[in-house]
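K.L.:
In order, the protein sequences belong to chains C and G.
Position one of the first sequence corresponds to residue 46 (the working numbering), numbered consecutively onward.
Position one of the second sequence corresponds to residue 184 (the working numbering), numbered consecutively onward.
This is the structure I have questions about; it appears just below.
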Amino acid sequence: EAQVTQNPRYLITVTGKKLTVTCSQNMNHEYMSWYRQDPGLGLRQIYYSMNVEVTDKGDVPEGYKVSRKEKRNFPLILESPSPNQTSLYFCASSLSRLLNTGELFFGEGSRLTVL
Amino acid sequence: DQQVKQNSPSLSVQEGRISILNCDYTNSMFDYFLWYKKYPAEGPTFLISISSIKDKNEDGRFTVFLNKSAKHLSLHIVPSQPGDSAVYFCAASAEGNSGGYQKVTFGTGTKLQVIP
């Protein structure tokens, strides 16, 4: 089954404790991206990757890191989480690095709470 | 700076009637527009899109209209069904310097409730 898989789905952590949210897709997609969803703010793009070893900042990259060492994986790293990073996070992928269709496939989301 | 705006946080419609969801954008460089639907506890799913060279795109019960001069697009659902109850996100993108639509900007979403 074609899918984007995120882990963990739910996480409660404390300020400053490094964490990684993994994202994996099995569709051989070139393009991958991370979003966060917050009330009243919609979905905001954190980072995106056009292909392996190619990453770029989205609209809200502060406090986050990403890497794209393999085509299928695009982990989101919070080196020193803070309470303002409490949010619902979505990973998404798209077949073409050119995103010709604009059709993104989303994971089910990871709800992160930072105390 | 919210470049894509959905000014109605919620909308209630009777089953069988038309649902109209609106979206406004400010960035004139946007030339590709999409609608996504999101159910609780799930990721958004792509619904329909439209290129700026068109003013209408239809897919079954869903039609998207684009008015470039007004920087406005709308999603029409006819007839509305209870299963359409979800949050709908408008999204827009612009072609990047190296080609392709790299950044997709989403609106804040409109929660649609279709009443049986």
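We put the beta carbon where it would ideally sit given N, CA and C, even for glycine.
Every value quoted in this text rests on a predicted model; they were computed, and no experiment measured them.
With burial defined as no fewer than 16 other Cβ atoms inside 10 Å of the residue's Cβ, what is the status of Pro265 of chain G: buried or exposed?
P.N.:
Answer is exposed; the Cβ neighbour count stays below 16.
K.L.:
So, using beta-carbon positions, are Ser139 of chain C and Phe151 of chain C closer together than 8 Å?
P.N.:
Not a contact, by the Cβ cut-off of 8 Å.
K.L.:
What residues are listed by DSSP as bridge partners for Gly199 of chain G?
P.N.:
Its beta-bridge partners do not exist; DSSP assigns none.
K.L.:
What residue from C:Arg89, C:Lys114, C:Glu107, C:Gly85 has the CA that sits closest to Cys68 of chain C's CA?
P.N.:
Of C:Arg89, C:Lys114, C:Glu107, C:Gly85, the residue nearest in Cα terms is C:Lys114.
K.L.:
Have a look at G:Ala274, G:Gln296, G:Thr293, G:Leu295 and flag the residue whose alpha-carbon is nearest the alpha-carbon of Asp214 of chain G.
P.N.:
The option with the nearest alpha carbon to Asp214 of chain G is G:Ala274.
K.L.:
Give me the Cα-Cα distance between Ser234 of chain G and Leu160 of chain C, rounded to the nearest whole angstrom.
P.N.:
Between Ser234 of chain G and Leu160 of chain C, the C-alpha separation is close to 43 Å.
K.L.:
Just verifying my parser: in three-state terms, what is the DSSP assignment at Asp207 of chain G?
P.N.:
Strand at Asp207 of chain G.
K.L.:
Kindly say whether Lys286 of chain G, judged by its beta-carbon, lies nearer than 8 Å to any beta-carbon of chain C.
P.N.:
It does: the Cβ of Lys286 of chain G has a partner Cβ on chain C nearer than 8 Å.
K.L.:
Of all the residues that make up the stretch 238 to 258 of chain G, which are near chain C by a beta-carbon distance shorter than 8 Å?
P.N.:
Listed by position along the chain: nothing, the set is empty.
K.L.:
Taking 8 Å as the threshold (C-beta atoms), are Tyr219 of chain G and Leu230 of chain G in contact?
P.N.:
Yes, they are a contact pair.
K.L.:
Is it buried or exposed for Val261 of chain G, if we count other Cβ within 10 angstroms and need 16 for buried?
P.N.:
Per the 10 Å Cβ criterion, exposed.
K.L.:
Can you tell me where the beta strand (DSSP E) holding Ile233 of chain G begins and where it ends?
P.N.:
Here the beta strand (DSSP E) through Ile233 of chain G covers 228 to 234.
K.L.:
Is Gln197 of chain G buried or exposed, if buried means 16 or more other CB atoms sit within 10 Å of its CB?
P.N.:
Under this definition Gln197 of chain G is an exposed residue.
K.L.:
Applying a beta-carbon distance threshold of less than 9 Å, which residues of chain G neighbour Leu56 of chain C?
P.N.:
What Leu56 of chain C touches in chain G: nothing, since even the nearest Cβ is about 16 Å away.
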